[in-house]
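Report on the structure given below.
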Amino acid sequence: MARSFNLIDPPNVSEMIDGEVMIINLESGSYFSVTGAGAAIWPQLIAGTDLDSLAAVLEAAFDVPVAAVGSELDRFVDRLIAEGILRPRDPSGVPSATALGPPDPTRSYQGFGFERFDDMRGLLVVDPVHEVGGFGWPEGTAAEKKSR
Amino acid sequence: MNVGPSAGVVLQRLVAELDRGVASLDLRRWNLCVAGQRIAVHAGVGAGVLLQSMDALRTADSAGSSLQLFVIDGKSDGIALDDTVVTRRDGCPPGSLGAFSAEGVHAFYQPYAGVLSVLDRPRRRAWCWVRDVAALPYYEFAAPLRHLLQWWIVARGGALVHSAAVGTSAGGALIVGPSGSGKSTTALACLEAGLGFAGDDYVLVAPGEPPTVHMAYATAKIVRDALPRHAHYADYFRNLGNVDEKPMLFMHEAAPRSMLHSFPLRALVLPVVARLAKTRIIPAAPADVLRALAPSSVMLFPLAGALAFRRIAAWCRALPCFRAELADDPRDVGVTFATWLSQDFAR
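Listed in order, the protein sequences are those of chains B and X. With my numbering, the residue at position 141 of the first sequence is 141, and numbering never jumps. For my numbering, add 1000 to where a residue sits in the second sequence, where the first one is 1.
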């Protein structure tokens, strides 16, 4: 059965820029970069277009065997699911795939680039449970103070 | 996070409590011009200290305020509020910042600093309640009211961004990058070379073609090792005594003639400490600049991050992006930026 997905939004937000997709998880503080074939199909992927159709789109655009690109696409999507970026959706009523423009012999297949960045997470390490201070409001915890 | 009708009731009670609190106080009014809009800020003597970095925004014009903003020092004003779901951040996922929103009211509590920010958009009123202004960490003095300003400017199509900003009235640049990347050093080097200074850490960007950069704070933070280089500002250093924190300057005091309140945004620049003999400013991939600017601009601002990210991405797509490979000599950095900014950036 064809698999379809949505972006988990919130907490994730994504923007395409210059052939690259940047995804930010606003709750965890992690952010991600998607390049290559993943970026090429990103708008269709998060709109719910099924993976079989997307593999066919990539085969046509990059002249690579659909079986090879299909397995790479599966691994890419599984990683996005594991990172809490995508979730499966009901495949009924999903938009049909559209081609990535006319074949371009100068456009080479670069695979599915995916990178995770965690340098912002330290700023978000906060403890949601706090002791009530003598002045009537919660005080930051010792762990939180240490993290600042 | 939106937590349904019960949050609405909680937030309305909180707003009513804040209203009752400020009604009992003898408050002074500051009229600020923020991103071209009038904001009336009301604060007592204790809370007023928090506004020093925004002194350069003061205006005599009090007509047509778009927001009434009350700053309360819980300690000196004697207003202790009830512990609520907002301050406990009940229901917020572990590790998240936690904020509440219902019926046009946003609320966010920073437990370590002891700062509660509440914006009532339908009534155009806002409150910043501080547990004890005298006990605030220095960064709250460097960039006060920033959650309220972010919610307010995002609703107007702009964003408060984590960036330095320099230029002239004809145009200028955002200097982007995470903390420690050289934003402040570059901004001060540019000021010394004659460019105007609009901020070193957070600035407001209003929509337009091109967008307009507006000063939010006149703060400049300085790494301790660089203090001798800035000895001519010695009379204006603040926060020198706390060795765990950065010294800072309020540039409207230290270099009042270099204040640049707003300018058309012409370019985005990512500084890189390159230890070159001569600074080089070369084209950069917009994605690199977005990655340097967006995370720290959006992640610390609950209820505004998604919209701010969309706008920052649009600006990175529309404007020329550069990488500045910095020389060791700050004078070379400043002169190179001043010369470079005098050229046309048509893209």
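In this text, a Cβ means the ideal position worked out from N, Cα and C, and glycines have one as well.
Three Cβ pairs or more, each shorter than 8 Å: is that satisfied between the segment 1185-1197 of chain X and the segment 1142-1152 of chain X?
No, because fewer than three Cβ pairs between the segment 1185-1197 of chain X and the segment 1142-1152 of chain X fall closer than 8 Å, the two stretches do not touch.
Neighbourhood of Ala1170 (chain X) by C-beta distance below 8 Å, restricted to the same chain and skipping five residues each side:
For Ala1170 (chain X), same chain residues with a beta-carbon under 8 Å away, outside a window of 5 residues either side, are Phe1263, Pro1264 in chain order.
In terms of alpha-carbon separation, which member of X:Gln1150, X:Phe1108, X:Phe1309, X:Arg1310 lies closest to Val1130 (chain X)?
The shortest C-alpha separation from Val1130 (chain X) is found at X:Phe1108.
Are the C-beta atoms of Met1259 (chain X) and some chain B residue less than 9 Å apart?
At a cut-off of 9 Å between beta carbons, Met1259 (chain X) makes no contact with chain B.
At a Cβ cut of 8 Å, what residues of the segment 1304-1332 of chain X count as close to chain B, listed as they run along the chain?
So the close ones are Gly1305, Ala1306, Phe1309, Arg1310, Ala1313, Cys1316, Arg1317.
For chain X, find out if any of its Cβ atoms is closer than 9 Å to the Cβ of Gly136 (chain B); answer yes or no.
Annotation note: pLDDT 30 at Gly136 (chain B) (below 50); position unreliable, coordinate value reported separately. Using a Cβ-Cβ cut-off of 9 Å, Gly136 (chain B) counts as an interface residue toward chain X, since at least one Cβ of chain X sits closer than that to its own.
Along chain X, which residues have their Cβ under 8 Å away from the Cβ of Leu51 (chain B)?
Per Cβ cutoff of 8 Å: no residues; Leu51 (chain B) is ~25 Å from chain X at best.
Run of the beta strand (DSSP E) containing Leu1069 (chain X), from where it starts to where it stops:
DSSP places Leu1069 (chain X) in the uninterrupted beta strand (DSSP E) bounded by 1067-1073.
If we count the other Cβ atoms within 10 Å of its Cβ and call it buried at 16 or more, is Gln1343 (chain X) buried or exposed?
Under this definition Gln1343 (chain X) is an exposed residue.
Take Asn1239 (chain X) and list the residues in its own chain whose beta-carbon comes closer than 6 Å to its own, dropping the five residues that flank it on each side.
The answer, listed in chain order, is Tyr1138, Glu1245, Pro1247, Met1248.
Let me confirm a value: Val1022 (chain X) is counted as buried when at least 16 other C-beta atoms fall within 10 Å, else exposed. Which label applies?
So Val1022 (chain X) ends up on the buried side.
Residue ranges of each beta strand (DSSP E) run of no fewer than 3 residues wholly in the segment 69-97 of chain B, ordered along the chain?
Runs of the beta strand (DSSP E) inside the segment 69-97 of chain B: 86-89.
Between the C-alpha atoms of Glu1103 (chain X) and Ala1304 (chain X), what's the straight-line distance to the nearest angstrom?
In a straight line, the C-alpha of Glu1103 (chain X) is about 16 Å away from that of Ala1304 (chain X).
Tell me whether the beta-carbon of Ala1308 (chain X) lies closer than 9 Å to the beta-carbon of Glu1209 (chain X).
With contacts defined as CB atoms closer than 9 Å, Ala1308 (chain X) and Glu1209 (chain X) fail to qualify as a contacting pair.
Cβ distance (whole Å) where Met1215 (chain X) is taken to contact Ala1056 (chain X) below 8 Å:
Rounded, the Cβ-Cβ distance is 6 Å, consistent with contact.
May I ask you to list, following chain order, the residues of the segment 1160-1181 of chain X that have a beta carbon less than 8 Å from some beta carbon of chain B?
Going along the segment 1160-1181 of chain X in chain order, one finds Pro1178 with a Cβ nearer than 8 Å to chain B.
Close-in-space but distant-in-sequence residues of the same chain around Val150 (chain B) (CB under 7 Å, 5 per side omitted):
Residue 150 (chain B) lies beyond the stretch modelled for chain B, which goes from 1 to 148, so this question has no answer here.
Would you tell me roughly how many angstroms separate the C-alpha atoms of Arg1029 (chain X) and His1252 (chain X), rounded to the nearest one?
In a straight line, the C-alpha of Arg1029 (chain X) is about 20 Å away from that of His1252 (chain X).
CB-CB length for Pro1283 (chain X) against Asp18 (chain B), believed under 8 Å:
With a Cβ gap of about 12 Å, Pro1283 (chain X) and Asp18 (chain B) do not count as contacting.
Which residues in the same chain have their Cβ closer than 6 Å to the Cβ of Ala61 (chain B), if we skip the five residues on either side of it in sequence?
Correct list, in chain order: Leu100.
Does Ile41 (chain B) have its Cβ less than 9 Å from a Cβ in chain X?
Residue-level contact check: Ile41 (chain B) does not touch chain X, since none of the beta carbons of chain X fall below 9 Å from its beta carbon.
Mind checking Asn1378 (chain X): buried by the 16 CB within 10 Å criterion, or exposed?
Residue 1378 (chain X) is absent from the structure shown; chain X starts at 1001 and stops at 1347.
At a Cβ cut of 8 Å, what residues of the segment 1272-1306 of chain X count as close to chain B, listed as they run along the chain?
Within the segment 1272-1306 of chain X, the residues whose Cβ lies closer than 8 Å to some Cβ of chain B are Ala1285, Pro1286, Ala1287, Leu1290, Arg1291, Ala1294, Pro1295, Ser1296, Val1298, Met1299, Leu1300, Pro1302, Gly1305, Ala1306, listed in chain order.
Cβ separation of Ala1126 (chain X) and Leu1119 (chain X), assumed to be a contact under 8 Å, to the nearest whole Å:
Contact annotation, Ala1126 (chain X) with Leu1119 (chain X): C-beta distance approximately 5 Å; criterion of less than 8 Å satisfied.
Give a yes or no on whether 9 Å exceeds the smallest Cβ distance from Leu152 (chain B) to chain X.
This structure leaves residue 152 (chain B) out entirely; chain B is present only between 1 and 148.
Does the beta carbon of Pro1093 (chain X) come closer than 9 Å to any beta carbon on chain B?
Unreliable placement is indicated for Pro1093 (chain X), whose pLDDT of 47 sits below 50; the coordinate value is still reported in the next sentence. Interface residue, yes.
Name the chain X residues whose beta carbon is nearer than 7 Å to that of Gly38 (chain B)?
In chain order: nothing, as chain X lies at least about 14 Å away.
Backbone CA spacing between Thr1059 (chain X) and Arg1121 (chain X) [nearest angstrom]
Cα to Cα, the separation comes out at about 23 Å.
Could you say if the segment 1325-1338 of chain X and the segment 57-72 of chain B meet the contact criterion of at least three C-beta pairs nearer than 8 Å?
No, the segment 1325-1338 of chain X is not in contact with the segment 57-72 of chain B.
Go ahead and pull the three-state DSSP assignment for Thr1336 (chain X).
Thr1336 (chain X): helix per DSSP, three-state reduction.
Within 9 Å, strictly: CB atoms of Ser1117 (chain X) and Ala1007 (chain X)
Contact: no.
Interface residues of chain X facing Ile17 (chain B) [CB-CB closer than 7 Å]:
Simply Pro1286, Ala1287, Leu1290, Ala1313, Cys1316, Arg1317.
One question on the structure: do Phe1337 (chain X) and Ile1281 (chain X) come within less than 9 Å of each other, judged by their Cβ atoms?
Yes, Cβ-Cβ distance for Phe1337 (chain X) and Ile1281 (chain X) is below 9 Å.
What separation, rounded to the nearest whole angstrom, lies between the Cα atoms of Trp1315 (chain X) and Gly1078 (chain X)?
Going by the C-alpha atoms only, they are around 44 Å apart.
So which residues on chain X does Glu20 (chain B) lean against when the C-beta distance must stay under 7 Å?
The contacting residues are Ala1287.
Mind checking who Ala1220 (chain X) pairs with in its DSSP beta bridge?
In the DSSP output, where bridge partners are listed per residue, Ala1220 (chain X) has X:Leu1249.
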